Amino acid sequence: MPSFSTPLKLGPLLLKNRVIMSSLTRDRNLVPGPLQVEYYTQRAGAGLILTEGTMIEETGSEWSNAPGIYTDEQVKGWRKVLDSVHARQSFMYLQLWHIGRVAHPLLQNGRPNVGPSAIGANGGKFRVLPGAPGYVVPEAIKDPTSYIGLYRKAAERAKEAGFDGVELHSANGYLPHQFIDNTSNKRTDEWGGSAENRCRFPLRVIDEMCSVYGNNRVGIKLSPGGGYNDMGMSEKDTSETFAYLIQELSARRIAYIQLARYWDLGDPLKRGKEVDIFQWKKLINSEHTALLVNTNYNAEEGEKTLQADLADAIVFGRFYIANPDLAERLIKNQELNTKFNMKGFYGGEAEGYTDYPTYEQQKMKELLFNKVLH
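Sequence positions in the sequence shown follow the working numbering and run 17 to 390.
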C-alpha cells in the first residue's frame, strides 16, 4: 500500500514522496526575491511544490503583491528559487493564474475586468480600496483566443525560468472556471452553452501548455463543488460538466488532475455544495495521469486516502504554512505545528512566512525553555 513516503512517477519526474505543497497566495512578491528563495527552499522536502498563483498578465487583484510571470525580471527571480529548490532534490510546477471577472478596474489603471459574460460575482470585497467595494460587472471577452495566447506566453516564460511543469488554475472562480460554470458563462457562441462549449476554453489553454511543455509536464486544478468567488452549478450540471472535462483531460495524457474538495469557509454566500470528487476517478487513466486531492486533509485522512488507492498524492495547503518540514513530519508521524501567525498570513516580510520552526527546532526550543524553568 502506498504511503506518504512512497515515491511517485509523475510524467518523467520521480517524486521522492507523495506530499505535495499546495499553491498558497502569501501576497509578498511581485518579483520573487531572496525571501521567496528561502521560503520555498524551506519547504523543498515536498515531493512536488506548486507555486502560489502566478499572474499571466498585470491584473487588478485584491492581492496587490502576488507574483507574475509576465516580465523578464520575474523570470530571473523565479529561476533563483528553482535553482535552490532543485538543489534539495525537489520539483516545482508554476501555477498559471488569471482572475478574470474578480479583478477591479481601479487596480489596473482603468482597464476593465473581464469574464466570459457580463455577469458580476457577488460577495467579494476589495479591502485595499477605500470603502472596500464589492465585485463589479466584467466586460465580456470578445475573443477568448487572445487570453489563450497569454497562457501560452506564460508557459513559455515558465519554461525559460526552468520550471519542471505548469499547472492551470482552473478552480476557485477564476477565469477558466468562469468559462466552465454555466452561472457565470451565458455565451451563445462556441464558448458557451453545452458542457463541451463551456469546457472549450480550459481545454484549449491546456493544449497550448502541452505544446510548450509536453503533455506529461502539465497539470490542472479543479474545484467542482464551487463556492469560492460565487461559483456553483446544479448537481446534475456539475456531474455532467466535470465528467466531460475530466475525460477530455485524461485523453490528453496530462501529468495530473488536482481535485479540490468543497470548503464552506470560502463560501460566504453558500453557493457551492459538497461534491464527491472521487466519482470521476474511474474516468482518469492512471497509467499516465495522476489524481491529486486537496482541501482540509489531515495526516490521518491523507494516509488513509493513499492506502485505499483513492488518490496518488495529497496536496496540503495551510499545514505547509506553519510546517516548513511538513513532508518529513508526515512521513515520521511527528506532531504538526498548528499555531499560525495571522499577522504574517498575507503580506509583510519574514514574520509568519519564513520564521516557522522545523520539528527539530521546535523541540530544541521547548527543551531549552524547560531547562530555564528548572
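Yeah, the Cβ is synthetic: ideal placement off N, Cα and C, and Gly gets one too.
Predicted, not measured: the structure shown is a model, and the values here were computed from it.
Open item on the list: Given this structure, state the Cα-to-Cα distance separating N386 from E316, to the nearest angstrom.
Closed with: About 30 Å.
- [ ] My understanding is that D328 touches A343, with C-beta atoms under 8 Å, so please give their C-beta distance in whole angstroms.
- [x] No, D328 and A343 are not in contact; Cβ-Cβ is about 15 Å, not under 8 Å.
- [ ] Name the one or two DSSP bridge partners that L308 has.
- [x] L308 pairs with Q274, A329.
- [ ] Quick one: grab the DSSP three-state call for V234.
- [x] If DSSP states are grouped into helix, strand and coil, V234 belongs with the strands.
Task: Every unbroken alpha helix (DSSP H) inside the segment 65–140 [4 residues or more] - done: As far as the segment 65–140 is concerned, its whole alpha helix (DSSP H) runs of at least 4 residues are 88–103.
- [ ] Return the chain-ordered list of same chain residues with a C-beta closer than 6 Å to the C-beta of A225, the five sequence neighbours on each side being excluded.
- [x] One point to set straight first is that residue 225 is Met, not Ala, in the sequence displayed. Excluding positions up to five away in sequence, the list reads A171, V182, V234.
Task: Beta bridge counterpart(s) of H185 as assigned by DSSP - done: According to DSSP, H185 bridges with K237.
TODO: Could you spell out the range, first to last residue, of the alpha helix (DSSP H) harbouring V53?
DONE: Taken as a continuous stretch (DSSP letters only), the alpha helix (DSSP H) holding V53 covers 50–58.
- [ ] Tell me whether S210 is buried or exposed, calling it buried when 16 or more other Cβ atoms sit within 10 Å of its Cβ.
- [x] S210 is exposed by the Cβ-count criterion.
Task: Own chain partners of R220 with C-beta closer than 7 Å, once the 5 adjacent residues on each side are dropped - done: Closer than 7 Å at Cβ, skipping near neighbours: I164.
TODO: Taking only the alpha-carbon atoms, compute the straight-line gap between A187 and G208 and give it to the nearest angstrom.
DONE: Distance from the CA atom of A187 to the CA atom of G208, rounded to whole angstroms, is 18 Å.
Task: Range of the contiguous alpha helix (DSSP H) that encloses V221 - done: Note, V221: alpha helix (DSSP H), 216–229.
Task: Top-ranked residue by Cα proximity to N245, from T354, E54, V118 - done: Looking only at T354, E54, V118, the smallest Cα-Cα distance to N245 is reached by V118.
- [ ] Mind the definition here: the segment 269–278 touches the segment 291–306 only if three or more C-beta pairs lie below 8 Å; say whether that holds.
- [x] With the cut-off at 8 Å, the segment 269–278 and the segment 291–306 touch.
Task: First and last residue of the uninterrupted beta strand (DSSP E) at I36 - done: The continuous beta strand (DSSP E) containing I36 extends over residues 35–37.
Open item on the list: So, with DSSP's three-state summary, where would you put E344?
Closed with: E344 carries a helical assignment under DSSP once its states are collapsed to helix, strand and coil.
TODO: Can you give me the Cβ contacts of K202 inside the same chain, cut-off strictly under 7 Å, excluding the 5 residues immediately before and after it?
DONE: Counting only Cβ-Cβ distances below 7 Å, and skipping sequence neighbours, we find S133, I135, G208.
- [ ] Taking V144 as the reference, give the member of V152, Q194, S80 with the closest Cα.
- [x] Of the candidates V152, Q194, S80, the one whose C-alpha sits nearest the C-alpha of V144 is S80.
- [ ] On a CA-only basis, which of I236, G282, L285 is nearest E264? Give me that one, please.
- [x] Residue I236 is the option with its Cα nearest to E264.
TODO: May I ask you to list the residues that DSSP assigns as paired with E206?
DONE: As computed with DSSP, E206 is found in no beta bridge at all.
Open item on the list: So, at 7 Å on beta carbons, what are the nonlocal neighbours of R287 in its own chain, with the 5 sequence-adjacent residues on each side left out?
Closed with: Only G242, G243, D246, M247, G248 meet the Cβ criterion.
Open item on the list: Considering just the uninterrupted stretch of the alpha helix (DSSP H) at L265, what are its terminal residues?
Closed with: Residues 251–267.
TODO: List the endpoints of the continuous beta strand (DSSP E) containing K286.
DONE: No residue range can be given for K286, since it is assigned to no beta strand (DSSP E) and is classified by DSSP as neither H nor E.
TODO: Using a threshold of 8 Å, state whether the C-beta atoms of Y190 and W113 are closer than that.
DONE: The answer is yes: Cβ separation under 8 Å.
TODO: Report yes or no: do the segment 53–71 and the segment 95–111 share at least 3 C-beta pairs separated by less than 8 Å?
DONE: A contact exists between the segment 53–71 and the segment 95–111.
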